[in-house]
Amino acid sequence: TEGVLTQRGPTPAEQRNLEYGRKVARGLAQFDIGQTVVVADGACVAVEAMEGTDAAIRRALQLAGCKPLSVIKVAKPNQDMRFDVPVVGLPTIAVMQECGATALSLDAGKTLLFDRDEMLSEANRNGITIVGQPQSDPRAPASGQGGTPEE
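The sequence shown begins at 2 in my numbering and counts up by one.
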C-alpha cells in the first residue's frame, strides 16, 4: 500500500532522511548490495549486507549514538520476488524501537509485511511512522499525512 500506513506521518527531519535514504538505497540496489540503509541526521550510517536488516539497524545505533534513525528498505530493480522478497515484521519494529529508529520507508507492493496488523499496531504504540513508497518515487510523503492502512 502506498502512503502513510501508521497513525502519524514523518516529521520534516524524518522526511529528509527518508528521501535521502531512498536515493542511496536505490543506487546501491542497482549493484545488488543490500535492501536496507539507515540514515541519521541526513547521513547514511549503515548499509545492510549479508547480516540482514535488524543487524544493520543495531550497527547504525552503535555508529550514530543517540540520534534518531530512519530505516529505508527497497526492492532491487530486477529482484526475483520468488526467492528474495523484502520482508518487515514485528521483530524489525522491536529492533527499531530498541535502537531509537522512528521512521521506516518501504517499497509499496514489493515488501512483505509479516503479521501486518500486529506490526502496524506495534509501530503505532511506539510512535514509529511507516511509509509505503512507489518504486519510482524517491520522496516520502509530506509530514502530517497520517492515515490508516488500505487493503
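Beta carbons are placed, not taken as given, at the ideal position from N, Cα and C, and that holds for glycine.
Of the choices the options, whose alpha-carbon is the least far from that of residue i?
i: N127; options: S106, A109, T112, L91; result: L91
i: Q63; options: Q36, A124, G101, G35; result: G101
i: A44; options: K24, Q36, A124; result: K24
On the DSSP bridge assignment, give the partners of residue i in chain order.
i: G4; result: G133
i: K74; result: T37
i: V48; result: V38
i: D108; result: Q134
i: L114; result: V89
For residue i and residue j, I'd like the C-alpha separation in whole angstroms.
i: E99; j: L70; result: 11 angstroms
i: P13; j: M51; result: 31 angstroms
i: I58; j: P78; result: 23 angstroms
i: V48; j: G28; result: 12 angstroms
i: R17; j: P11; result: 9 angstroms
i: K111; j: D42; result: 27 angstroms
i: Q135; j: Q31; result: At residue 135 the sequence reads Pro, which differs from the Gln that was named. Distance between the alpha carbons of P135 and Q31 is about 17 angstroms.
i: R9; j: R117; result: 17 angstroms
i: A65; j: Q36; result: 20 angstroms
i: V40; j: G53; result: 16 angstroms
i: G4; j: S106; result: 10 angstroms
i: K68; j: V38; result: 15 angstroms
Put residue i into one of helix, strand or coil per three-state DSSP.
i: T103; result: strand
i: V25; result: helix
i: P87; result: coil
i: P13; result: helix
i: N18; result: helix
i: Q31; result: coil
i: N125; result: helix
Do residue j and residue i have their beta-carbon atoms positioned less than 8 angstroms apart in this structure?
i: V88; j: L19; result: no
i: G22; j: I94; result: no
i: T2; j: T130; result: no
i: M120; j: L114; result: yes
i: V75; j: D108; result: yes
i: V86; j: D55; result: no
i: V46; j: A61; result: yes
i: A1; j: E15; result: Residue 1 is absent from the model: the chain starts at 2 and stops at 152.
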